[in-house]
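Sequence lines, in order, name chains C and F.
Taking my numbering, I'd label the letters of the first sequence as residues 57 to 549.
Taking my numbering, I'd label the letters of the second sequence as residues 134 to 307.
Structure record follows, encoded as structure tokens.
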Amino acid sequence: MTTSETPDVRVRGVETTNAPPTSAPARGVIALYMGITAIVLALLMVFGLLMRASQAGVITIPPNRFYQILTAHGIGMVAISGFGSAGVMWYFLSRYVSLSRGILVANLVFFLTGVVLVLGGIFLGGFAAGWTFLFPLPAKSLGVWGPGAAASYLVGVLLVGVGFLLLFLDTGRAILSKYGSLGKALGWPHAFGTTTTDPPPPVVVASTVVTIINIPAIAVGAVILTMSVVNLFAPAFQVNALLAKNLIYFFGHVFINSAIYMAVIGVYEILPNFTGRPWKSSKPFLLAWSATMLMVLAVYPHHLFMDYANPTWANVMGQILSYTSGLPVLAVTAIATLANVYRSGMKWNIASSLLFVSIMGWSVGVIPAIVDGTIAINRVMHNTLWVPGHFHIYLLLGVVAMVFGFMYFLASSRGATDSALDRAAFWMFVVGGLAFSGVFLAAGAMSVPRRWAVHLAPWMALDRLGALFALVVVAGALVFVANFLRRARAISA
Amino acid sequence: MEQRIAVLVSAVFGVLLLGLFAYVAGAAGRSGTADEIAAGAARWRRTAFWGLVALFVPTIAFSLTRMPYSSAVQSAPPIVVDATGHQWSWKLSRDTVPAGELVEIRVTGADVNHGLGVYDANDRLITQTQAMPGYTNVMRHTFATPGTYRILCLEYCGLGHHTMTTQLIVTAAK
Numbered sequence: 057m058t059t060s061e062t063p064d065v066r067v068r069g070v071e072t073t074n075a076p077p078t079s080a081p082a083r084g085v086i087a088l089y090m091g092i093t094a095i096v097l098a099l100l101m102v103f104g105l106l107m108r109a110s111q112a113g114v115i116t117i118p119p120n121r122f123y124q125i126l127t128a129h130g131i132g133m134v135a136i137s138g139f140g141s142a143g144v145m146w147y148f149l150s151r152y153v154s155l156s157r158g159i160l161v162a163n164l165v166f167f168l169t170g171v172v173l174v175l176g177g178i179f180l181g182g183f184a185a186g187w188t189f190l191f192p193l194p195a196k197s198l199g200v201w202g203p204g205a206a207a208s209y210l211v212g213v214l215l216v217g218v219g220f221l222l223l224f225l226d227t228g229r230a231i232l233s234k235y236g237s238l239g240k241a242l243g244w245p246h247a248f249g250t251t252t253t254d255p256p257p258p259v260v261v262a263s264t265v266v267t268i269i270n271i272p273a274i275a276v277g278a279v280i281l282t283m284s285v286v287n288l289f290a291p292a293f294q295v296n297a298l299l300a301k302n303l304i305y306f307f308g309h310v311f312i313n314s315a316i317y318m319a320v321i322g323v324y325e326i327l328p329n330f331t332g333r334p335w336k337s338s339k340p341f342l343l344a345w346s347a348t349m350l351m352v353l354a355v356y357p358h359h360l361f362m363d364y365a366n367p368t369w370a371n372v373m374g375q376i377l378s379y380t381s382g383l384p385v386l387a388v389t390a391i392a393t394l395a396n397v398y399r400s401g402m403k404w405n406i407a408s409s410l411l412f413v414s415i416m417g418w419s420v421g422v423i424p425a426i427v428d429g430t431i432a433i434n435r436v437m438h439n440t441l442w443v444p445g446h447f448h449i450y451l452l453l454g455v456v457a458m459v460f461g462f463m464y465f466l467a468s469s470r471g472a473t474d475s476a477l478d479r480a481a482f483w484m485f486v487v488g489g490l491a492f493s494g495v496f497l498a499a500g501a502m503s504v505p506r507r508w509a510v511h512l513a514p515w516m517a518l519d520r521l522g523a524l525f526a527l528v529v530v531a532g533a534l535v536f537v538a539n540f541l542r543r544a545r546a547i548s549a
Numbered sequence: 134m135e136q137r138i139a140v141l142v143s144a145v146f147g148v149l150l151l152g153l154f155a156y157v158a159g160a161a162g163r164s165g166t167a168d169e170i171a172a173g174a175a176r177w178r179r180t181a182f183w184g185l186v187a188l189f190v191p192t193i194a195f196s197l198t199r200m201p202y203s204s205a206v207q208s209a210p211p212i213v214v215d216a217t218g219h220q221w222s223w224k225l226s227r228d229t230v231p232a233g234e235l236v237e238i239r240v241t242g243a244d245v246n247h248g249l250g251v252y253d254a255n256d257r258l259i260t261q262t263q264a265m266p267g268y269t270n271v272m273r274h275t276f277a278t279p280g281t282y283r284i285l286c287l288e289y290c291g292l293g294h295h296t297m298t299t300q301l302i303v304t305a306a307k
């Protein structure tokens, strides 16, 4: 790490905000959050590479082990996306409202405890019901895993959820005590009225939305997790399979979307430091966030299009909202990002590049997602590799790029400069990520099913290509991870 | 057909967006007036909004006329296949159906959730529905071409998920 003698604000992203800086002790906890995020991301990305290599026939992973890895990769990525993104949100939100550092640490403890139980259930107990733990699969493994392993997994996920619930209850408390009402924190007096006071900053608006949507999502997740645990030990206690799916996908959809909405706060707060153009809570910005907040709570039936027994009105609603729910925030954010950067005179570094790319990844990934959100097309795309194709674009090149961008920002704001290796890793991550996801989409268009441990011979040519690009992405990401860990001590100081 | 539409739409709009971001990234180093650019962005925002409305409303309306769900008031066609998913095999009440006639496949799961995906002779997925315990999903389809169709499980159901395949023979129309 080198320290620049004459800092150039536009190059290093030195903060120009008027808000007070994040306190030193809190910065230490956030550095810990991001360090854990970096390590877990690296591990889970290697898991992903192993799965693609096994499907390609390059290595051999027995099906029981493959499905364990699949389960760990899925639940791990959902959880760590939320965890790292929560770190981004907390880091900036703490500058505007009075958050509890104790709760931040409590979430960390719940998270790590939950992770131990989840990993134990999977790799010691053999649990492999997929991250979605669709009822009643956790209890019906045909002897592959026992109720103890399933309980360890389900209780582990529940504990992770409890930690997040505490965190969002605290953000809600802090926001309410500063702004008086959620409506004010969402900027409604400015969006719908004529008040001339300053609107709440983007970080507060986004955090309020995430608080509002994630509390019910986690509560619903806790309900189905608890019911599934009870069913393990009291099989007479049955849950309606369709109800269980509704609960699981409501929880899962809202939670993973919230990860994007938390991580994008990094873009709102950091990018202006490079461009010199502040990110304002404009009227369209406020309206977009409120619109998305309402719609994202009702869009989840698009995961149930192929459940013909689900009420048709719900599936129709799911399709219509698939087209509209995420777009307000995405469109407003994407256009504002382009306008913020266009002819700003900024010079790129890895932090600003990753944050810019993250909005590109989010935008591009939503297109095949909307296509798949059309019932008539979902009929031939659902549960094919088209699905991981689209979500890898906006999670890998969206959320994960935002999180890595935040890590590089923490380092660059402490004086670190990028090396040629960093720049090479950036291009490996972006180009490899697009190609890797593109191969998934191509395989989905060829009707290759997802979540198959063993692939048929005609699918393997694409699998080999996918494994190759996965290797490129993972190599780039490992450079990001190693560099962050190397700089973590300086960042937390 | 649907697969081609999906690829075409995703590729066209994806490339357009990638090009737009690349163009703006390339222009980032030049300087410009922030107010003018903000005013331009506001125009773009309005254009994007109304453009998406113009694109989405007819697309949604048309595509909703192509939903695969059967109406409860429709009477059952004469050819019915009962399909039950078990860990890890399919049980079909009949494994031969004629081409050119409407077939009703009644799908359920005996133990856990499965997914019944019908693949044609070219290994192309042509239709699917979930196989849920406690529910029967009614899927109707007219097989246009005779041949050997395959049924693959499309919902993860445990260790033998990828082995859960069977065949459906479609005979030439009489």
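Ideal placement from N, C-alpha and C gives every residue a C-beta, glycine not left out.
Among the residues of chain F, those whose CB is under 7 Å from the CB of L298(C) are M265 and Y268, following chain order.
DSSP places A290(C) in no alpha helix (DSSP H); its state is neither H nor E.
Within the DSSP secondary-structure output, C286(F) pairs in a beta bridge with L249(F). The three-state reading of DSSP puts M402(C) in coil, since its state is none of H, G, I, E or B.
Here Y268(F) carries a coil assignment [DSSP, helix/strand/coil].
Rounded to whole angstroms, the gap between the alpha carbons of Q136(F) and D228(F) is 27 Å. Contact holds between the stretch 331-350 of chain C and the stretch 242-251 of chain C, because three or more Cβ pairs, one in each stretch, are under 8 Å apart. Annotation for T275(F): L235 place their beta carbon closer than 6 Å to its own, counting only its chain and skipping 5 residues before and after.
Distance from G401(C) to P424(C) at the Cβ level is roughly 35 Å; contact not present, criterion being Cβ atoms closer than 8 Å. G219(C) carries a helical assignment under DSSP once its states are collapsed to helix, strand and coil. The beta-bridge partner set that DSSP reports for H274(F) consists of V236(F). Taking the beta carbon of S400(C) as reference, the chain F residues within 7 Å of it are A161, listed in sequence order. Along the stretch 352-370 of chain C, the positions whose C-beta sits under 7 Å from a C-beta of chain F are M362, D363, Y364, A365 and T368, read in chain order. For L126(C), the uninterrupted alpha helix (DSSP H) run begins and ends at P119 to L149, by DSSP. Excluding residues up to 5 positions away in sequence, nothing lies with its Cβ nearer than 6 Å to the Cβ of L180(C) in the same chain.
Y464(C) and F540(C) have their C-alpha atoms some 7 Å from each other. Apart from the 5 residues on each side of it in sequence, T299(F) sits with its Cβ closer than 6 Å to the Cβ of W223 and I284 in its chain, given in chain order.
Contacts with chain C at 9 Å (Cβ-Cβ) do not include G218(F). Y89(C) counts as buried, since no fewer than 16 other beta carbons sit within 10 angstroms of its beta carbon. Under the 9 Å criterion on CB atoms, M283(C) is classed as non-interfacial with respect to chain F.
In terms of Cβ geometry, I312(C) and A262(C) do not form a close pair [threshold 9 Å]. Between the stretch 291-307 of chain C and the stretch 119-131 of chain C there are fewer than three C-beta pairs closer than 8 Å, too few to call the two in contact.
The continuous beta strand (DSSP E) containing I302(F) extends over residues T298 to T304. A direct Cα-to-Cα measurement between V218(C) and F167(C) gives close to 9 Å. In the three-state reduction of the DSSP assignment, W223(F) falls in the strand class. In the pairwise beta carbon analysis, the stretch 224-240 of chain C is classified as not touching the stretch 283-301 of chain C: fewer than three pairs are separated by under 8 Å. Within chain F, the residues placing a beta-carbon under 7 Å from that of Y123(C) are L292, ordered along the chain. A straight line joining the alpha-carbon of A513(C) with that of A546(C) spans about 50 Å.
Cα atoms of I238(F) and I302(F): separation of roughly 14 Å, rounded to the nearest angstrom. Inclusion of T93(C) and G143(C) in the CB contact set at 9 Å is warranted, their separation being smaller than that value.
The beta carbon of F276(F) sits no closer than 9 Å to any beta carbon of chain C.
Linking M502(C) to G176(C) through their CA atoms gives a straight-line distance of about 36 Å.
Contact annotation: V355(C) and L377(C) have beta-carbon atoms nearer than 9 Å.
Judged by DSSP secondary structure, V85(C) falls within the alpha helix (DSSP H) whose first and last residues are A80 to Q111.
Restricting attention to alpha helix (DSSP H) runs no shorter than 4 residues, the stretch 487-548 of chain C encloses them at 516-548, ordered along the chain. By DSSP's assignment, P231(F) forms a beta bridge with T304(F).
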